[in-house]
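**Q**
Protein chains: 2
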Amino acid sequence: MEDLLLENIAKTVDLTHAEQEKVMSFFEDEHFKKGELLLMEKKDRCKQLYFVYEGCFRLYSTDDDGEEHNIQFAPEDHWIADIYSFWTNELCLFSMTALEDCTVKTISHDKMEQLFSEVPALERYFRILIQNAYIAYLQRVNGFLSLSATDRYAIFCKKYPQLINRMPQYHIASFLGVKPQSLSRIRAAYKH
Amino acid sequence: MEDLLLENIAKTVDLTHAEQEKVMSFFEDEHFKKGELLLMEKKDRCKQLYFVYEGCFRLYSTDDDGEEHNIQFAPEDHWIADIYSFWTNELCLFSMTALEDCTVKTISHDKMEQLFSEVPALERYFRILIQNAYIAYLQRVNGFLSLSATDRYAIFCKKYPQLINRMPQYHIASFLGVKPQSLSRIRAAYKH
DNA sequence: CGAAAATTTGACATGACTCAACTGGAGTGG
DNA sequence: CCACTCCAGTTGAGTCATGTCAAATTTTCG
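Those protein sequence lines, which keep their order, are chains W and C.
Take the first sequence: its letter number 97 is residue 97 in this note's numbering, and every next letter is one higher.
Take the second sequence: its letter number 170 is residue 170 in this note's numbering, and every next letter is one higher.
The following block contains the structure:
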């Protein structure tokens, strides 16, 4: 099979060879440079879903003080988009940038609908995808309710080891909901 | 139409009269008394989805100190379940109790699958349902990352006015991630 | 009415934040 | 190859929001 996206889909639903061909024909290849801004909160509309082949993106909000808060990271083999904007065609809730040089496949909303009607199994694939994302966020909320910053960091390390030395620590601090200085102290305490 | 569930579905997808009948035939009516425990974290499996006609449920986790943390409230016209357990048949991540006497309709996993195949539009309905729930949780996470407890409370009041004087305040405090004493002080400051 | 539960309030403790200085590594240009 | 700069990360000292513990007050409900 040999394609990251098809392999990802195959984990959830079975497609015939013909359907696989069909699916691939609906996607576009795109590349983004490290630091590139793809979506701007409250300015842009999210026109496509992104499936990451190489690199890593982040989705974040910016508060009144100009501070950025990381909502989601998407390394290779993950989907990312401003889902709200993508489905409603309203302005984005979040901004999105490339943390590294990235290679992706993208699909627009129209093509997506068309693809659903031609390959119905994909509607199921995306339902399950969102369902899993939803469950992950339930648990993330539970982390904010039940855990200290130290525990949240420990869980992050266990859950996303591939992200831990891949980006500046302040991005991980932001994801965890603490200041970089605090994460630095948490890590210092951790070691000894 | 005159049925809460059918009206709720009609907001998202169109069903024929025959399909509506079909859908209703798949659900069971159930009642629960205030305080009843429906699901126990790490003990039970969630065998059904619940659609609330009357009353209100809460979904919560219990930490190592025995403290409960409210993940979700479900008043009338809302769905609730331990989605993770429901879909995977693993043990529940969360517990669930009735905050009031409740009237619901329920559907099991098997019936759900059967219903999807007989009324395909429902797969779409549930995808959109979960999608919206997912977006709500993205924003809730964003609240924990960006906002003070005071701001989170203000947003809660605006977003869920129907819940505000319907349950003990400590349940709302728990949902917001603060102690009841702190919420009390936040409210005191609010007034003046 | 009386008991139990919920909420408020006070005094104090603590975890995380702020501001600021310092360290160390990566990259640049002379 | 060194000096310089820039940026991430660390560390220290003081502050602030929220937690903790305990008592007082109010509300709920049998």
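Backbone N, C-alpha and C fix where the C-beta goes; we use that ideal spot for every residue, glycine too.
Using the beta-carbon of each residue, which ones in chain C are nearer than 8 Å to E123/W?
**A** The residue you call residue 123/W lines up with position 123 of the first sequence. Within 8 Å Cβ-Cβ: E123, R124 and R127.
**Q** Using the beta-carbon count (16 or more within 10 Å), is D196/W buried or exposed?
**A** Nothing about residue 196/W can be read from this structure; chain W reaches only from 1 to 192.
**Q** Can you check DSSP and say which residues form a bridge with K105/C?
**A** Indexing the second sequence from 1 puts residue 105/C at position 105. Answer is D29/C and F51/C.
**Q** Would the beta-carbon of H258/W fall within 7 Å of that of L145/C?
**A** Nothing about residue 258/W can be read from this structure; chain W reaches only from 1 to 192.
**Q** Please report the Cβ distance between M96/C and L59/C, rounded to the nearest whole angstrom; I am assuming they are in contact, meaning their Cβ atoms lie under 8 Å.
**A** Locating residue 96/C in the second sequence gives position 96, where the first residue counts as 1. Locating residue 59/C in the second sequence gives position 59, where the first residue counts as 1. Right, their Cβ atoms sit about 5 Å apart.
**Q** Which class does M24/C belong to by DSSP, given the choice of helix, strand or coil?
**A** As a working mapping, residue 24/C is identified with position 24 in the second sequence. Residue state, collapsed to three classes: helix.
**Q** May I ask you to report which of helix, strand or coil DSSP gives M112/C?
**A** For this step, residue 112/C is matched to residue 112 along the second sequence. Note: M112/C maps to helix in three-state DSSP.
**Q** So Q139/W is in the alpha helix (DSSP H); what residue range does that whole segment cover?
**A** Position 139 of the first sequence, counted from the first residue, corresponds to residue 139/W. Segment A121 to S146, the alpha helix (DSSP H) holding Q139/W.
**Q** Measuring straight from C-alpha to C-alpha, what distance separates R187/C and N89/C?
**A** Residue 187/C sits at position 187 when you count from the first residue of the second sequence. Residue 89/C sits at position 89 when you count from the first residue of the second sequence. Approximately 41 Å between the Cα atoms of the pair.
**Q** For the segment 42 to 72 of chain C, which residues have a CB atom closer than 7 Å to at least one CB atom of chain W, in sequence order?
**A** Residues S61, D63, H69 and I71.
**Q** Within 10 Å of its beta-carbon, does G55/W have 16 or more other beta-carbons around it, so buried, or fewer, so exposed?
**A** Stepping through the first sequence from its first residue, residue 55/W is reached at position 55. Buried.
**Q** According to DSSP, simplified to helix, strand and coil, what is T12/W?
**A** In the first sequence, residue 12/W corresponds to position 12, counting from 1. Reduced to three states, the DSSP call for T12/W is coil.
**Q** Name, please, each residue of chain W whose Cβ falls closer than 7 Å to the Cβ of Y84/C.
**A** Residue mapping note: residue 84/C aligns to position 84 of the second sequence, counting from 1. Those are I135, listed as they occur along chain W.
**Q** Assess contact between the segment 108 to 116 of chain W and the segment 104 to 114 of chain C, defined as three or more Cβ pairs (one per stretch) separated by less than 8 Å. Is contact present?
**A** No, they do not touch.
**Q** Contact defined as beta carbons within less than 8 Å: I believe A173/W pairs with P180/W. What is the distance between those atoms, to the nearest angstrom?
**A** Numbered from its first residue, the first sequence carries residue 173/W at position 173. Numbered from its first residue, the first sequence carries residue 180/W at position 180. The Cβ separation is near 5 Å, so the contact holds.
**Q** Just grab the DSSP bridge partners of F73/C for me.
**A** Taking the first residue of the second sequence as position 1, residue 73/C is located at position 73. Answer is R58/C, bridged to F73/C.
**Q** What does E68/C pair with, by DSSP beta-bridge criteria?
**A** Within the second sequence, numbered from 1, the residue matching residue 68/C stands at position 68. Its beta-bridge partners are T62/C.
**Q** Run down chain W in chain order and give the residues with a C-beta less than 7 Å from the C-beta of F144/C.
**A** In the second sequence, the residue the question calls residue 144/C occupies position 144. F144 and G177, listed in chain order.
**Q** Would DSSP call L37/C helix, strand or coil?
**A** Against the second sequence, residue 37/C aligns to sequence position 37. Here L37/C sits in strand by DSSP.
**Q** List the residues of chain C that R140/W touches, going by C-beta distances under 7 Å, in chain order.
**A** By 1-based counting over the first sequence, the position of residue 140/W is 140. Simply V141.
**Q** Taking Cβ-Cβ distances shorter than 8 Å, what residues in chain C pair up with I130/W?
**A** Here residue 130/W is taken as the residue at index 130 of the first sequence, counted from 1. Within chain C, the residues near I130/W are R127, I130, Q131 and Y134.
**Q** Pick out whichever of E123/C, D29/C and D3/C has its Cα sitting closest to the Cα of H17/C.
**A** Taking the second sequence and counting its residues from 1, the one referred to as residue 17/C is at position 17. The option with the nearest alpha carbon to H17/C is D3/C.
**Q** Using a C-beta to C-beta distance shorter than 8 Å, which residues of chain W count as neighbours of W79/C?
**A** In the second sequence, residue 79/C corresponds to position 79, counting from 1. Per Cβ cutoff of 8 Å: no residues; W79/C is ~12 Å from chain W at best.
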